[in-house]
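First up is the structure itself, then whatever we jot down about it.
Chains as they are written, first to last, in our numbering: chain A, 31 to 140; chain B, 277 to 389.
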């Protein structure tokens, strides 16, 4: 079974700072997901990637398959980015079952 | 597109009662997932369906939990009888196909007293 570890668990930043959240996993995967959970509880899928890098606005996600590691970067952070960011993976082999990390709680202060 | 629709948003019930949670996936999505989120354990997959067929129910905690998907536009998760330790937020999600982005519903917050 894949083990997904995220770091840090909690992160506080000042508005405008560059943010990095890390995710590592133990077994080969077919895809990695970054999710955002707002304080109100809703979950939004930010990225799904299996190689390389993806960018959407101020968000960038990278993955290194050899090192079994992914990072989520937020440039020019803003208080509205405050949320819990969750990394999840699907194992290689055809299952759609997601294994989740425990999440990183980000607070961006004005 | 209305997104994934879950009902009810909140459910408060007494121990021993039957609870039914409902989910309507996005039209055209072939896979549907039920997740549970607690403070202690985070998000966990309970069961998922592909083309209305249950594929993996290994996350269903015990026989008190059951899930059905009678057609492509509706699924239920039932707990009978409910227990206080079932208190959690239950999310439904759907996706077009394997390894496509997930679309989550707003969740049902269940409290069993």
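Think of the CB as a built atom: it goes at the ideal place given N, C-alpha and C, for glycine as much as any other residue.
Every value quoted in this text rests on a predicted model; they were computed, and no experiment measured them.
Distance from the Cα of residue 348(B) is smallest, within the candidate group 376(B), 296(B), 370(B), for 370(B). Of the candidates 382(B), 374(B), 373(B), 362(B), the residue whose Cα lies closest to the Cα of residue 290(B) is 362(B). Counting every other CB atom within 10 Å of its CB across the protein chains shown gives residue 31(A) a total below 16, marking it as exposed. Of the candidates 76(A), 81(A), 80(A), 94(A), the residue whose Cα lies closest to the Cα of residue 87(A) is 76(A). For residue 137(A), the uninterrupted beta strand (DSSP E) segment begins and ends at 134 to 139. Beta-bridge partners assigned by DSSP to residue 331(B): none are found. Under the Cβ criterion of 8 Å, residue 48(A) is not counted among the residues facing chain B. Cβ contact annotation for residue 128(A) (same chain, cutoff 8 Å, sequence separation greater than five): 63, 118, 119, 120, in chain order.
Contiguous beta strand (DSSP E) elements confined to the stretch 73 to 116 of chain A occur at 73 to 79, 82 to 86, 89 to 94, 99 to 104, taking only those with 3 or more residues. Contacts between residue 337(B) and chain A, judged by CB atoms closer than 8 Å, are missing: the closest CB pair is about 16 Å apart. By the C-beta density criterion, residue 42(A) is exposed, having fewer than 16 other C-beta atoms within 10 angstroms. For the options 136(A), 126(A), 116(A), the alpha carbon positioned closest to that of residue 313(B) is the one of 116(A). DSSP, read as helix, strand or coil, puts residue 362(B) in helix. Taking the beta carbon of residue 367(B) as reference, the chain A residues within 7 Å of it are 73, listed in sequence order. Assignment of residue 347(B) by DSSP, reduced to helix, strand and coil, places it in the strand class. Only 307, 309, 311, 313 from the stretch 296 to 315 of chain B bring a Cβ to less than 9 Å from some Cβ of chain A. Contact check between the stretch 90 to 102 of chain A and the stretch 50 to 62 of chain A: three or more CB pairs, one atom from each, fall below 8 Å, which counts as touching. Here the C-alpha atom of residue 321(B) lies approximately 34 Å from the C-alpha atom of residue 47(A).
Contact check for residue 365(B) and residue 385(B): beta-carbon distance about 5 Å, within the 8 Å limit, so the pair qualifies. By the 16-neighbour rule on beta-carbons within 10 angstroms, residue 49(A) is buried. When secondary structure is reduced to three states using DSSP, residue 122(A) falls in the coil class, being assigned neither helix nor strand.
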